[in-house]
Each structure stands twice: as structure tokens, then as C-alpha cells.
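Participant: Same order as they appear, the protein sequences are chains A and B.
The numbers in the first sequence follow my numbering, run straight up by one, and end at 1364.
The numbers in the second sequence follow my numbering, run straight up by one, and end at 1364.
Glycine included, C-beta positions come from ideal geometry on N, C-alpha and C.
Number of protein chains: 2
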Amino acid sequence: MTRDKVLAEIITIGDEILIGQIIDTNSAWMAIELNKAGISVKQITSISDDEQHILQAFADAETRADIIIITGGLGPTKDDITKKTMYQYFGATAWKTDDETLKIIEKIFAKYNAPLLESNKLQAAVPNNCEVLLNDLGTAPGMLFRKNHKIFISLPGVPYEMMNLMEHKVLPTITSIFKLGNIVHRTILTVGVGESFLADKLENIENQLPQHIKLAYLPKLGQVRLRLSSYGNNQAQLKNEIDTYVEKITAAIPDNWVAKEDTPLEKVILNAMQAQGLSLSVAESCTGGTISQLFTQHAGCSSVFMGGGIVYSNQLKTKLLGVKPETLKTYGAVSEQTINEMVTGALANFNTDYALAVSGIAGPDGGQPDKPVGTVWIAVANKDKTIAQKFVFGNKRQQNIERSAVNALHLLYQLLKNA
Amino acid sequence: MTRDKVLAEIITIGDEILIGQIIDTNSAWMAIELNKAGISVKQITSISDDEQHILQAFADAETRADIIIITGGLGPTKDDITKKTMYQYFGATAWKTDDETLKIIEKIFAKYNAPLLESNKLQAAVPNNCEVLLNDLGTAPGMLFRKNHKIFISLPGVPYEMMNLMEHKVLPTITSIFKLGNIVHRTILTVGVGESFLADKLENIENQLPQHIKLAYLPKLGQVRLRLSSYGNNQAQLKNEIDTYVEKITAAIPDNWVAKEDTPLEKVILNAMQAQGLSLSVAESCTGGTISQLFTQHAGCSSVFMGGGIVYSNQLKTKLLGVKPETLKTYGAVSEQTINEMVTGALANFNTDYALAVSGIAGPDGGQPDKPVGTVWIAVANKDKTIAQKFVFGNKRQQNIERSAVNALHLLYQLLKNA
């Protein structure tokens, strides 16, 4: 089978997504991996554990895509009906027990000393016309069905099981079946300006773009990512061409771009500081660990990020950072005076080259007439310079926390850049 | 219009979800709000900025649902084609400028001192057969179209704009158009046992459930939420009935349930500690702020959560917690000796009733023969008791961090429960 463009569709099965109890992170991960392999995702569909709906979704997807990947609904409990619905859709004639899967199930239950129930053993039973994709990490096997030159693949919904199967079974299998065209994506990170501002600056470049290259604007809390996507056969040529446009675009917005890759702002900062052998600490009040968590999610951050204080209480602001009780009493925890003492205290007590401090009223309570909910002071400092800035965001707690974090990173980035 | 069951479908438009660059959190939020209003979400569909695909998705959704809510693709840039595709689908005959929207656009640009571009002004233009749902917080208005007794609503993809429009415009409008049946959900949080174990314990109860009540198992990293959903007209009766089943289920798993509501474990802990007037601090190494962030996302946490140390470096473990340099040298940062000194140090230095400490090798690097990646020590303590436990998770950084966090919360919950 050879195709110019291979299309995939992702179907997630389970009421939990439809009632909003879980967020569908699996599909985003799968979409990234499929795109890397040169497969475009045409549609992502979430449907309920309902036989008729599943059958309809399979039939619809078959008209649009070459590869249909289905996750979820494979658990041992009654509400999981994916497997028997697939039995029906693909016209299987009997159930077969997959011995390798049964061995894994027995091993997992033995390891955890858990009683092996009949419902667990049944997870090794599959329709007799499927090819089993062995799931080394869990009890529900992957299954591959072929129908009218289309490939259907069913995977468990547990993220790490799905990821392991995708990496070791699904992608190699798909690559061997289809000869794939290429998609090249490049992303430019910009900070501090809006979508329209950028679109205006880039209008001429956008008008020059050839048909097979697309530019998308992805805004998110004070950051806009610009994503160029190019479709074709010759990967080297696609890459060269897209590199040229990345250079043109960054040249048109010299003060606004931060990275020529899809790197989060905190990782841009970690990379820059690591290259210069600099260390960083934080003093977080209203962001309560959010900024630390952003840094520490990245492997290798420990060469730059030393840690810091979550100084939620005034007592800890004084104890860990040396903020003077008089300052807190006179000006309050959310003030220029306090934030300056916080950042200076972090720099000194945590013994780092750079420090960052945040103190604000995330809400929904705690606002005062002169300091409404959403008032946040942020400071960044190195040995030579301290910058403190006041922000007034809105009245939504989570949003105030996230905006505080992104603005703190932006201030730190600017201090670093101008040092 | 009166319906027994009103069905909604959510369509998100934009390549960014299909290439996995953003995770679709909007749909989960909308699903929660629609369900609360008695509207079941039949399907969630993500499609690209492609005219034919959008038209097909609208037509398909119209066959399944009464209300179709569309988000995204309303920005001022070229890749956003939702509005003109709606113009076509709903057979508009002209564009009209919505004056109220134009005023808001002008106000927003004046507030930020940003130049008002032609492309921004065009955001106030809408198809002449739509009803505008005024967006107070952004430049793209909501739009409502009626077609064959179906309601189509288009909203901006920016989360807080979408949320504001849903709350103040969409839900009141929908409620006034449809007379809605009821759905009642109740969730029980369980910790520390698996889906099959619970299913086995609950088999008899599940077999007794009437047709209109469904039980779903929602597993996530060592926690399983049990969700009961009941459909019908008489809300009081639905509630009574479902309450009875909640009591039956929790009675069948007395050691495993943690909350009779959809409350995250850290919030269960905050509530219990607040009720007893207890305070908490943390000392996070490998979790790097994740646990603090879990607590501080909740409004009102400051009455319990005092803060703590992000002690990523050994230097800060000594400085903030008083961990002895000899202990670190002899046993290493990831050891029973160190974790005990960490939790004791947090309790003393941060002056709280309870403390929690985590130190581990999140990976992917840093493993040693006797301490592979995924080795994590967790300790919890109050004045009378310290519990330290070693875990060996896998080799994925993010998963190791999350598992460390949930197990730390579970240990803390147990210490609290048995105090």
C-alpha cells in the first residue's frame, strides 16, 4: 500500500470524557506521535460506551481515515463494551484466548499478590480475527483488525500502557504497512504580544507562503506560538524550506520571539542559564509551587534550579526569606516592599545567581479595596539588579496563578537577556 | 420545545488539537456544565480548520444532537475560517456589524494601548441570520444559529472567554429553549486498590442497579473514582435513590473509600485538617512543587497549608530542613535516613502539626545500581509519629513525579485517619 497522505482518526470510548470527569490527554499524545511519523490526524472523536454509537463512529471513521485508533473501554468491568462491539463490527466468529496475554495477567496479579478473578482472565480473550499487539504493562491487549484496506487498532486507555503499545507495536506496524509521506512542523515561541500584532507584522510573509506550507497562531496566556507545517515527499527539502521561513519570521519580530522551537518558556530559561553556569531559586507565595513545578518537570533542571521556598504563610516569609515583620505589618504581604525583601532574601538565603519571587491575591477571597483579587507583585533579581512589577489580573484563582507564573518567567527571561 | 433527553455535541475546530500541540480542556469543562444543566453530551469531536470537514461535522452532529456547541477558529488570522463556514452552512445573505461587539473591541485595544487593526474590527462582523451572544471579555462574539429545530452555538476557544459566555449567555439561553430532564451524578473516591478488586466487591450491588442508574469505574494512578449516574425527571427522587446506592457501595468497601463526592484527595485532606484546626508543611525534592501546587490550587488552603521548602539541592536540604551533611554523604539524598531528617526538619522548622517529605530519583538520569530511577522515599509525620516508606516506580519522569505525589497524599491521609 502506498499513499501520498495517510490519515488517521482517533476514537476514545468512555463516558468519563463526555461528562468531563477526565481530560483527554491520550489523544494529544497520540497526535504528536502520529504526526512525527508522517500521519495526519483527521479527526479526534470521543463517544460513550454505547454499542450503536460505537458502531456508527467506526463506520464514519472508515470513510475518512486509513488508520483508526481506538482507546478505552477495555477494562474488566461491565461498562466496558469495546471488545464485544469490535467482535460484532469486524464479523468475528469466535473468541480466542491469547496465551501470551494470559501469562502477563497472571504475572501482574502474582507480583501484586492480588487475587486473580475470572473477569481478569477474560481480558486475555479476543475476537478470533484480530492480531494481538501484546501489552507488556497491563492486562488488556492491543488488537489490530483489517477491513476494506483500513486498519483499526484498539488500545487500552491507561496512558502509560497506551504509550508503550504505540511506541513498540503500533507505530512500527503502521510504518511497515503504509509508505508514508512527510510532515515537518516548526514552532516559534513568542512572548508578550498578541495574535493580531504578530499577524500584522507577518502579513507579507504569510502572503508569500506556498500552498503546502501552513502557518498557525496558537495563543496561550500571554504567549503565542507560531507553527509552520509543511507537507510533501522530500523531507530534506521540506526542512530546508521551512527553515528559511523560520528565519524570515523571526527576523520580522526580533523583540518578540523567544525560541525557534516548541520549547516552553521555562525550558528556554533553563537552557540559557545552564549554558552560562547560572543558578536559580524561587520564593513562591500565591503561585504555591506552580513555578517550581514548571522548572522541575524538565529532566536535568537540577544543574540550574536549586529549589526555594513555598512561603504561603507570613511566618515562613520571615523565617525562610528574612522578610521583616514590620514590612509585612506596614505594607502587607502583597506590596512592593515585601516582594523586594522576598527576592533579596531568596538570592541571599538560597545562595543563587538569580531569584524570582511572587506574592499576590489569587482569590476568590482576600481582596481589599486598594488591593483587589488578582493583584500580584512579581520580582526577579540577580546580584546587580532587581526588577519588581505589579500586575492586576482578574478574579479567577487558577487563571491568576497561571498568569502570575508566565509573567514571572517573562520578567526573568528579560532580566537574563539584558544582563 | 419539550424533550425527555436533550443531547449536545461539542465540536472543536483547529489544527492545534489534531497535532497534539494543545490539550482540549475546554470540552471537559463544557461537558461538566452541560451535564449539570441536565444535558447529556453525546459526542466530542475535534476537526481541522478545513471547510469541507467543518461542513460535514455540522451535518453529522445535526443528526445526533439537539444542541451543537462549536469552539475555536474565531481568531483574526487567516487560518480561522469558522465564521465564514457558518455563514455558508446556515445560508446567511449578508454580513452585519455588531455594534456592541465593536465597542468592546475598541475598549479592549484602548485599555492595552494597542493599535486597532482592520482585522480586529472585522471580528465584530457576523452572518446576518445569527443571534449575537455578547462576549464581554474578548474580541470574538458568540453566535447562535437555529436550523431544523436544532441550535448551533459558536464560541471563542480562549478558555475564560468561553467559560464566561457559557455561564452568562449559553446556559440561560438553552434552558429557556428546552425544558430539560435531569441527570444526577455522584462520585465516590477510592484510594490504594484496583478496578477489578472493587468490581468484585461491588458485583452484587451492580447487579441490583435499575436500568436508569449507571456505575462507571474511573481509574487514575492508584485512585479509582466510582461514578453513579441516574437519568430521569424527578430530581429529588433521583437524588434519594442515588444516595441509597452511595451508602450501599461505601458500606461494601469500608477501608477503601475516601470521599463520597468528586473531591480530589488533597482537598479531602485539607477539609479534614481544617475541621481539626491542623497545619501542614511540605519538603519536596523530586516532586519539585507538584504537591504544594496540588494544595494551593484550592481556595482557602491557607488556613491549613503554611508552605514549605522545594529542596532540590542538597545545600537547601541542609539549610532549610537541617538535614545533616554526614547523612547526605553516608546514605545519599534518597534514603530512609535523609527522608526522616527531612520530615522532622519540616515539622520543626516550618512549625506545623503535620509535615510531608519526598525525595527520589525521578529520572531519566541519576539512577544507581542499588537505587534505580523511580526509587522514591516518602515520609509523613506529626508530633507523635513518623512513617517513612520506600517506593520503586518506573522510568518515566512525569509519571514518577505524579505517583510520588499521590502516594505521599495517601500516606498523609492514613496518618491523619489513624491519629
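For R1172(B) and chain A, any beta-carbon pair shorter than 9 Å?
Facilitator: True, the Cβ-Cβ gap to chain A drops below 9 Å.
Participant: Of all Cβ atoms in chain A, is any one closer than 9 Å to the Cβ of Q1242(B)?
Facilitator: Put simply, the CB of Q1242(B) is near chain A, with a gap under 9 Å to one of its CB atoms.
Participant: To be precise: take each residue of the region 1326-1355 of chain B, compare its Cβ to all Cβ atoms of chain A, and keep it if any distance is under 9 Å. Which residues remain?
Facilitator: Within the region 1326-1355 of chain B, the residues whose Cβ lies closer than 9 Å to some Cβ of chain A are G1339, K1341, R1342, Q1343, Q1344, I1346, listed in chain order.
Participant: Give me the chain B residues within the contact set of T1235(A), using Cβ-Cβ distance strictly less than 9 Å, ordered along the chain.
Facilitator: G1234, S1237, Q1238, T1241, Q1242
Participant: Are the Cβ atoms of I1128(A) and I1194(A) separated by less than 9 Å?
Facilitator: no
Participant: Considering K1146(B), what are the terminal residues of the alpha helix (DSSP H) in which it resides?
Facilitator: 1140-1146
Participant: Note down, in chain order, each residue of its chain lying with its Cβ closer than 8 Å to the Cβ of V1288(A), except the 5 sequence neighbours on either side.
Facilitator: A1228, A1300, L1301, A1302, A1324, V1325, A1326, T1331, A1333
Participant: So the beta strand (DSSP E) M1088(A) belongs to, where does it begin and stop?
Facilitator: 1087-1092
Participant: What's the call for R1091(A), buried or exposed, on a 16-neighbour Cβ count within 10 Å?
Facilitator: Only exposed fits R1091(A), as fewer than 16 other CB atoms lie within 10 angstroms of its CB.
Participant: According to a CB-to-CB cut-off of less than 9 Å, which residues of the region 1240-1266 of chain A neighbour chain D?
Facilitator: You won't find chain D in this structure, because its protein chains are A and B.
Participant: With a threshold of 8 Å, are at least 3 pairs of Cβ atoms found where one atom belongs to the region 1338-1353 of chain A and the other to the region 1153-1167 of chain A?
Facilitator: yes
Participant: Of all the beta strand (DSSP E) runs that stay within the bounds of the region 1042-1094 of chain A, which reach a length of 3 or more residues?
Facilitator: Runs of the beta strand (DSSP E) inside the region 1042-1094 of chain A: 1070-1072, 1076-1078, 1087-1092.
Participant: State buried or exposed for H1157(A), treating a residue as buried only when at least 16 other CB atoms are found within 10 Å of its CB.
Facilitator: Exposed is the call here.
Participant: Work out the CA separation of L1134(A) and I1187(A) for me, nearest whole Å.
Facilitator: 15 Å
Participant: Within the present structure, is the beta-carbon of E1271(A) separated from the nearest heavy atom of the ligand ZN by less than 8 Å?
Facilitator: Questions concerning the ligand ZN fall outside what the structure shown contains, since it holds no ligand whatsoever.
Participant: Relative to chain B, which residues along the region 1011-1027 of chain A have a C-beta separation below 7 Å, given in chain order?
Facilitator: G1020, P1021, T1022, K1023, D1024
Participant: Can you pull the chain A residues whose beta carbon is under 9 Å from the beta carbon of N1201(B), in chain order?
Facilitator: By Cβ distance, chain A contributes nothing, its closest Cβ being about 13 Å from N1201(B), past 9 Å.
Participant: Are the CB atoms of L1261(A) and G1254(A) nearer to each other than 9 Å?
Facilitator: yes
Participant: Does the separation of the CB atoms of A1172(B) and D960(A) fall below 9 Å?
Facilitator: A quick correction: the sequence has Arg, not Ala, at residue 1172(B). Closer than 9 Å, so yes.
Participant: When the cut-off is 9 Å and only beta carbons count, does A1070(A) lie next to chain B?
Facilitator: no
Participant: Do you know offhand how far P1101(A)'s Cα is from G983(B)'s?
Facilitator: Taking the straight line joining both Cα atoms gives about 30 Å.
Participant: Does chain A have any CB closer than 9 Å to the CB of Q1219(B)?
Facilitator: Not one chain A Cβ lies under 9 Å of Q1219(B).
Participant: Given a limit of 9 Å on CB to CB distance, which residues of the region 965-978 of chain B reach chain A?
Facilitator: G965, Q966, I967, I968, D969, T970, S972, A973, W974, M975, A976, I977, E978
Participant: Pick helix, strand or coil for G1319(A), following the three-state DSSP scheme.
Facilitator: coil
Participant: Which first and last residues belong to the alpha helix (DSSP H) in which T1120(B) is found?
Facilitator: 1116-1122
Participant: Can you list, in chain order, the residues of its chain with a C-beta nearer than 7 Å to that of S972(B)? Leave out the 5 residues immediately preceding and following it.
Facilitator: Within the same chain, and ignoring the five residues on either side of S972(B) in sequence, the residues whose Cβ sits closer than 7 Å to its Cβ are I955, T957, I989.
Participant: Under three-state DSSP, which class holds A1010(B)?
Facilitator: Reduced to three states, the DSSP call for A1010(B) is coil.
Participant: Buried or exposed for A1039(B), please, with buried defined as at least 16 other CB atoms from any protein chain shown within 10 angstroms of its CB.
Facilitator: Counting Cβ neighbours within 10 Å, A1039(B) comes out exposed, since fewer than 16 surround it.
Participant: So if I threshold CB-CB distances at 8 Å, which residues from the region 1150-1173 of chain A count as touching chain B?
Facilitator: E1151, K1159, L1160, A1161, Y1162, L1163, P1164, K1165, R1170, R1172
Participant: Under DSSP, the alpha helix (DSSP H) around Q1343(B) begins and ends at which residues?
Facilitator: Looking at the DSSP string, the run of the alpha helix (DSSP H) that includes Q1343(B) is 1342-1362.
Participant: If we count the other Cβ atoms within 10 Å of its Cβ and call it buried at 16 or more, is V1103(A) buried or exposed?
Facilitator: buried
Participant: Measure how close the beta-carbons of N1065(B) and T1084(B) come, nearest whole angstrom, since I'm counting them as under 8 Å.
Facilitator: 6 Å
Participant: Candidates Y1276(B), Q1282(B), S1141(B): which alpha carbon is nearest D1024(A)'s?
Facilitator: S1141(B)
Participant: Once you ignore the five residues that flank T1008(B) on each side, which residues in its own chain have a CB closer than 8 Å to its CB?
Facilitator: none
Participant: Taking just the CA atoms, how far does Q1282(B) sit from L1360(B)?
Facilitator: 20 Å
Participant: Taking its Cβ as the centre, do 16 or more other Cβ atoms sit within 10 Å of S1121(B), making it buried, or is it exposed?
Facilitator: exposed
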